[in-house]
Each structure stands twice: as structure tokens, then as C-alpha cells.
Amino acid sequence: MCRTDKFGFPSRYVPRFKFVKGFQTGDIVKAIVTQGKKVGTYIGRIAVRSSGSFNITTKPEIIQGISHKYCTTIHRKDGYLYAT
Numbered sequence: 001m002c003r004t005d006k007f008g009f010p011s012r013y014v015p016r017f018k019f020v021k022g023f024q025t026g027d028i029v030k031a032i033v034t035q036g037k038k039v040g041t042y043i044g045r046i047a048v049r050s051s052g053s054f055n056i057t058t059k060p061e062i063i064q065g066i067s068h069k070y071c072t073t074i075h076r077k078d079g080y081l082y083a084t
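Number 52 in UniProt numbering belongs to position 52 of the sequence shown; there are no gaps in the numbering.
What follows is the structure in C-alpha cells.
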């Protein structure tokens with residue numbers, strides 16, 4: 001299922017692979033960013049992009065554009081939503 005425009009044609013496509021760089025949307029990760037504008041340690045749920053950079057959803061905010069190089073998996077997605 002994908003989003004359609006007002007004429008019923010698909011406006012986006014569904015990615016063909018579930019995992020990107022070994023991560024999946026919904027995984028709980030710890031990201032230790034050492035360089036750039038977003039330096040810090042973040043723990044939260046990720047949303048993957050095909051490019052290899054992720055969005056990390058933490059309690060107070062969403063951090064966008066974190067590289068897969070800084071992320072380590074704490075918990076794999078299992079269908080439940082956990083507080084981080």
C-alpha cells in the first residue's frame with residue numbers, strides 16, 4: 001500500500017528491502033555522534049532511509065540525518081512500542 005495522488009496514481013513507492021545498512025524502522029538504537037552539528041549521545045527509535053542516514057525519535061525531539069556509522073542496535077523491532 002502506498003500513498004496516491006488525487007487521481008489515484010501512486011505518488012511514492014514502497015522500498016523493496018526491509019533492512020538498510022543492517023537496521024530496520026522501529027529498532028531501538030544508541031547513536032554516539034562525534035562529529036558535525038549534532039554531536040551527542042542519543043537513544044531512541046529509528047526511521048530508516050535508503051540513503052543510510054536515519055531519523056532518531058527520542059522523548060523530547062526527532063534528530064534527523066544521523067549516519068548509520070554512529071548507530072548500534074540495542075533492541076530489534078518486534079512489533080511493540082517501548083518507552084525510551
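All residues carry an ideal CB built from backbone N, CA and C; glycine is no exception.
Residue i and residue j closer than 9 Å at C-beta
i	j	result
Val-33	His-68	no
Val-48	Phe-23	yes
Tyr-42	Ile-63	yes
As assigned by DSSP and simplified to three states, the class of residue i
i	result
Tyr-70	helix
Ser-50	coil
Gln-64	strand
Phe-9	coil
Val-39	coil
Phe-19	coil
Arg-3	coil
Gly-79	coil
Alpha-carbon spacing of residue i relative to residue j, whole angstroms
i	j	result
Thr-72	Phe-7	42 Å
Arg-12	Tyr-80	26 Å
Gly-44	Asp-5	32 Å
Lys-38	Ala-31	11 Å
Residue from the options whose Cα sits closest to the Cα of residue i
i	options	result
Asp-78	Arg-3, Gly-65 and Thr-25	Thr-25
Thr-57	Ser-50, Gln-35, Tyr-80 and Asp-27	Asp-27
Ile-66	Arg-3, Gly-40, Lys-18 and Lys-59	Gly-40
Gly-74	Arg-3, Ser-53 and Val-29	Going by the sequence as given, residue 74 is Ile instead of Gly. Among Arg-3, Ser-53 and Val-29, the Cα nearest to that of Ile-74 belongs to Val-29.
Pro-60	Arg-3, Ala-31, Lys-18 and Thr-84	Thr-84
Unbroken beta strand (DSSP E) run spanning residue i, endpoints
i	result
Lys-30	28–33
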